[in-house]
Each structure stands twice: as C-alpha cells, then as structure tokens.
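In the working numbering, the protein residues as written are 147 to 623.
Where a beta carbon is used, it is the ideal one built from N, C-alpha and C, also for glycine.
Predicted model, so just to flag it, every value in this text is computed and none were measured.
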C-alpha cells in the first residue's frame, strides 16, 4: 500500500515538473551582424574566410541558406525585420528615415517592444536598430539610451588605404591595438555578463555587432591571418553590366567620386577607384579581417551562454541585415538588388525543436523572424505582420516552402527571389532575370528573351500592388 502511494506521489511530481517545463518561457538571444554577406564557411562564400564560431553555431542550429532581407540597406532592412512590415508598406526606404516617422509604424510594436509588453525583460547593446534604438522597446540598453555602442579606437591618420578619401566610411587599415579595445568586443563583454546573472523574468537579449561595417579599421592581428598573397578575389565578368539596364548600372555606380583637388581626377565609382590604385586585394583582406573580428566576438557570447544556466532554455537567432559587394558587378558596398547585396545569414538554435546541423534550402525573408519568435515562445501572434512563421521549417527542414522573397531598394525597385530565379523590376519598368540553376553569379540577363516570359509573368504576380510614398527624413546617416 505504501509503495502504491509512493508511486502515485512520484507520478504526480514528475507530471508537475513536465507541465512546468512545458509552460516555461524560453529566453531569446538575438544576435545581429552588420553588413555581413555570405563569406562564411557554412555558406561557402569565400575560401579564405575564417569564421569558426559562425560555422560552429550552424552545426548546432538550423541554417537558412537562402535568407534575404526586405531591403539591401541597413535602416529599411532592420526596420522591416523589427516591425514585420515591408518598406513598400511603411515607406521606410532609406537610412535617413526613422521608423517612427512612418504613419504605418508610428504605433507599431517592435519585436523587442512586443516581448516587453508580454512579460519579458528586454535588454540590448550594439547596433540592433539603425544607429538610434527605439527607447520604448527596451528595459535597459548599454552603454546608454543615447549611445548604442562604445567607440572604436581612432586610426592614427586618414585615409589609411592609400587612396584619396571621398567619404569617412570607405577606408581601411590595420590598427596597433588589442581586440579588447574594439567596440564590438566590449558589447560582447556586456552581453556575456547578462548571461552570468540571475533574471527574475524571461529575457530578450539583443546583441548587435557593428563589424564588418565600414570603415575597416581592425587590429593588426586579424589582418595577419589573411596574408595578402593568399587572398582570392571574387570571380567577376568584365562584361557583366553590358546587359543590365541603366537603372541597375546606376546602382552599381551609386558612389560617384571626384576629387577636385587632384588634377585630372575622373568621376568614377568605388570599384574603378580601387582598380586604379590597385587596392582590390587589400580591400578584400580588410573585409575578411573585420568579419573574423565579428566572429570572435560572437564566439565569446556563445561561450558565455554555454557556460550559463540559460543554455538549455534560450533560443539563439543569428542574422545579418543584408549582403555586401566587394567588386562583383563592378560594385562595392550594398544597395543593389543582386545576390551579393541581398543574401543574408540566418540561423536558429531552438531547444527541443531544431535539429543540429540541419539546413533549409528554400528562400525565406528576414521579416519572417518576428512571427517565428512569437511562435517559438508561444506569444500571441500579431495580425499586422507581413512575414510567415518559420516554425514548420524548424521542425521539418526537408519540407517544401515555396514562398519567394521580395526585396525592395528605394521607391518601386523590387527583386523577387524564388528557389531558382531572381527577377528584378526597376521603377522605370526595366527588368533583369537570372536563372541560378545555370548562372549562380547572375551574369546573363534573360529578361529580354521571350522564352522566359511565363517565368517573368509568374514572378511579377508577387510584386507589391501599391508602394508607400517616402516618409520624412531625419539627420540619421
């Protein structure tokens, strides 16, 4: 009789623990990397890239190999991701437009704000929103409400790259400083400390790494890992832009440079300038050095989580806001609708859900992150979100998911990325179409061939029917 009673008591206790486990709220570790393209090991983007921590996390996560942003520019991409609303709905198209200036987003609940309103402690550091963070979204932000991240060490002189300097960002060079002096390192320190203390409520902890954003002033030790004579340049086609409409070529030469103080200085884009001064390999080296710094900062945060009491009840989502060109299509930086500028990094590690080392090879959008996290944490879904929860793919990465992604650059310029094709339509009606099954580098524009009219017609149906007007600008850059 006593044994029977003991068995019943044990059963009740176990059942209670199981229920508590089911009702326990998962924490969220939300990690952003600025201007990171697909030059990481797990995406096979560049043979020289040293990214052991990104690759290691992918080995524990579900990796989305075809993740694309709502916009190939920091502010509109992040505003869309953090509100779940496309630029063509909100009117946030550029870097100088605070999301709260949009009538659509004025009262919108951002992702961290919604978690805060639903009982989470929201904390953050680094670049999560674009430069200024949304104060109503956070319980605490470090270093302060006015400063999103500590400053990096200043270079001894500028420019460091040996070319005429035409803007304060497009520069690079090796600094004689320790990694611990970098702003991202200090952000990683603060985030790691939050993982080592007790929290009375479930938390949403955001960590935004600024590198590899320009300028690439990076400790010399990271440059040393990439000997210049071993650097592989991107594969390019010198005639690549010949079949691209004027609107696309204009984006590729968006940064038009001229120095009136240099006799005979020509009007040219970044790439022409880099070639003229023979700095291509050095630019690639500097970008790789910057991304390896970001990777090490990520590793320190992941180590802190692994050694914390939160490691088994914390979702980790890692994402980059868009891609980056380093000479492909004669372009540097972002702000195009091609693959280099739009392919992003995205992975989820979810206790009890994701399969370690799994991959999803269907296009998904970064605006899908918001509804996915609501699903995973069992928070009420919001009807105004324009993305789709990726929870079904996290449970079954092999399932079909035919939802092409729309990416928008400024007003009425759109790209539609399906599993096989990329279709681009510019505001003036000109087009590009690329077949990634045979042309992964997007060298052959098929838009003018009637054979592909049915493909264009199908993808055109996914373009937005209306495009919101530009919202007022601000002084944000």
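In terms of CA proximity to residue 546, 509 leads the group 509, 497, 295 and 259. CA-to-CA, the gap between residue 319 and residue 369 works out to about 9 angstroms. DSSP places residue 330 in the helix class (H, G or I) of the three-state scheme. The criterion of a C-beta distance shorter than 8 angstroms is not satisfied by residue 444 and residue 231. Pairing residue 442 with residue 221 gives a Cβ-Cβ distance that is not under 8 angstroms.
Collapsing the DSSP output to three states places residue 559 in coil. Across the structure, residue 359 and residue 182 are spaced so that their CA atoms are roughly 8 angstroms apart. In terms of CA proximity to residue 548, 564 leads the group 564, 542, 555 and 554.
Using a Cβ-Cβ distance cut-off of 8 angstroms, the region 379-399 and the region 455-466 are not in contact, since fewer than three pairs of beta carbons, one from each stretch, lie closer than that value. For residue 589, the three-state secondary structure derived from DSSP is coil.
Cβ contact annotation for residue 218 (same chain, cutoff 8 angstroms, sequence separation greater than five): 468, 469, 480, 481, 482, 483, 487, 488, 553 and 555, in chain order.
Under the Cβ criterion (8 angstroms, minimum of three pairs), the region 574-583 counts as touching the region 595-603. Residue 308 sits away from residue 427, with the two beta carbons spaced by 8 angstroms or more. Taken in chain order, the complete alpha helix (DSSP H) segments of 4 or more residues contained in the region 161-226 are 198-204. Here residue 236 carries a helix assignment [DSSP, helix/strand/coil].
Taking all protein chains in view, the Cβ of residue 567 is crowded by 16 or more other Cβ atoms within 10 Å, so the residue is classified as buried. Residue 332 sits buried, since 16 or more C-beta atoms from the chains shown fall within 10 Å of its C-beta. Per DSSP, residue 596 lies in no beta strand (DSSP E) segment and is marked neither H nor E. Cβ atoms of residue 557 and residue 356 stay farther apart than 8 angstroms, at about 28 angstroms.
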